[in-house]
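J.:
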Amino acid sequence: ERRWRASQQAGLETIPALVRDVSDEAAIAMALIENIQREDLNPIEEAVALQRLQQEFQLTQQQVADAVGKSRVTISNLLRLIALPEEIKTLLSHGDLEMGHARALLGLPAERQIEGARHVVARGMTVRQTEALVRQWLNTQQAPKSEPKSDPDIQRLEQRLAERLGSPVQIRHGEKGKGQLVIRYNSLDELQGVLAHIR
1 ERRWRASQQA GLETIPALVR DVSDEAAIAM ALIENIQRED LNPIEEAVAL
51 QRLQQEFQLT QQQVADAVGK SRVTISNLLR LIALPEEIKT LLSHGDLEMG
101 HARALLGLPA ERQIEGARHV VARGMTVRQT EALVRQWLNT QQAPKSEPKS
151 DPDIQRLEQR LAERLGSPVQ IRHGEKGKGQ LVIRYNSLDE LQGVLAHIR
């Protein structure tokens, strides 16, 4: 229909077209697939359309991926966005957050996802910085409860360093001003990224 309307606006009297006799169900599937393949959809719109396609036709993620020409991993990541709180979905729809930000925030407990999203938007953090922030928050959450609480100034400094370096940072401040600065990384690529920031 969009192409037909565009042809009318362009003043074309005839256009090349294929006429197919398909069932109502097939017509709905074709319309959904065409809609998903548009380039102007935001991640939430795309996720909702994919979910509708999957549910209405009882497709697996691989079948959805084959139908729309995307990888199964991409489909899986998009469908996960639907579980996000409405506030984060709105930020995604408005372009304040990117797909990579949302994927990282999904790693947080549900009760901290909105807090994380607000933190990321307020500071204009990159996807890499967001991933580092999530790792740091998770590490803090999993720390033994018997450990004494860190000094708030030290925590702020750890957070600033983590955002700058793109990896979790821990400052172990001992007596007489001595201590250790620990930078965690999960791969050589992450280490190279940290070194690039230091240089």
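In terms of the working numbering, the sequence shown is numbered consecutively and its last residue is 199.
Glycine residues also receive a C-beta, built at the ideal position from the N, C-alpha and C atoms.
Counting C-beta neighbours from all protein chains within 10 Å, is the total for Pro152 16 or more, i.e. buried, or is it exposed?
T.: What you label residue 152 is simply residue 152 of the sequence shown in a count that begins at 1. With fewer than 16 Cβ atoms within 10 Å of its Cβ, Pro152 is classed as exposed.
J.: In angstroms, rounded to a whole number, what distance separates the CA positions of Ala143 and Ala6?
T.: Numbered from its first residue, the sequence shown carries residue 143 at position 143. Numbered from its first residue, the sequence shown carries residue 6 at position 6. Confidence in Ala143 is poor, its pLDDT being 45 and thus under 50, which makes the residue's placement too unreliable to answer from.
J.: By the DSSP assignment, the beta strand (DSSP E) with His173 in it spans what residues?
T.: Along the sequence shown, one-based indexing puts residue 173 at 173. Start and end: 169-173.
J.: Starting from Ile183, trace the beta strand (DSSP E) both ways and give me its first and last residue.
T.: Position 183 of the sequence shown, counting from 1, holds the residue named residue 183. Segment 179-183, the beta strand (DSSP E) holding Ile183.
J.: Look at the alpha carbon of Gly193 and the alpha carbon of Ala67, and state the distance between them as a whole number of angstroms.
T.: Position 193 of the sequence shown, counted from the first residue, corresponds to residue 193. Position 67 of the sequence shown, counted from the first residue, corresponds to residue 67. Taking the straight line joining both Cα atoms gives about 37 Å.
J.: Considering only C-alpha positions, which residue in the set Ile15, Gly177, Leu181 is nearest to Ile171?
T.: By one-based count along the sequence shown, residue 171 stands at place 171. Measuring from the Cα of Ile171, the nearest candidate turns out to be Leu181.
J.: In chain order, what residues of the same chain have a beta carbon less than 7 Å from the beta carbon of Ile75, not counting five sequence neighbours either side?
T.: Here residue 75 is taken as the residue at index 75 of the sequence shown, counted from 1. Excluding positions up to five away in sequence, the list reads Leu50, Gln61, Val64, Ala65.
J.: Along the chain, where does the alpha helix (DSSP H) containing Gln58 start, and where does it finish?
T.: Residue numbering aside, residue 58 sits at position 58 when the sequence shown is read from its first letter. Neither: Gln58 is in no alpha helix (DSSP H) and is coded neither H nor E.
J.: How far does the alpha helix (DSSP H) with Ile75 in it extend, from its first residue to its last?
T.: Stepping through the sequence shown from its first residue, residue 75 is reached at position 75. From DSSP, the alpha helix (DSSP H) with Ile75 extends over 72-80.
J.: Using 7 Å as the threshold, is the C-beta distance between Ile44 and Glu87 below it?
T.: As a first step, residue 44 must be located in the sequence shown, where it is residue number 44. As a first step, residue 87 must be located in the sequence shown, where it is residue number 87. No, the pair does not count as a contact, with Cβ atoms beyond the cut-off.
J.: May I ask which residues mark the beginning and end of the alpha helix (DSSP H) holding Gly193?
T.: Counting from one through the sequence shown, the residue named residue 193 turns up at place 193. Element bounds for Gly193: 188-198.
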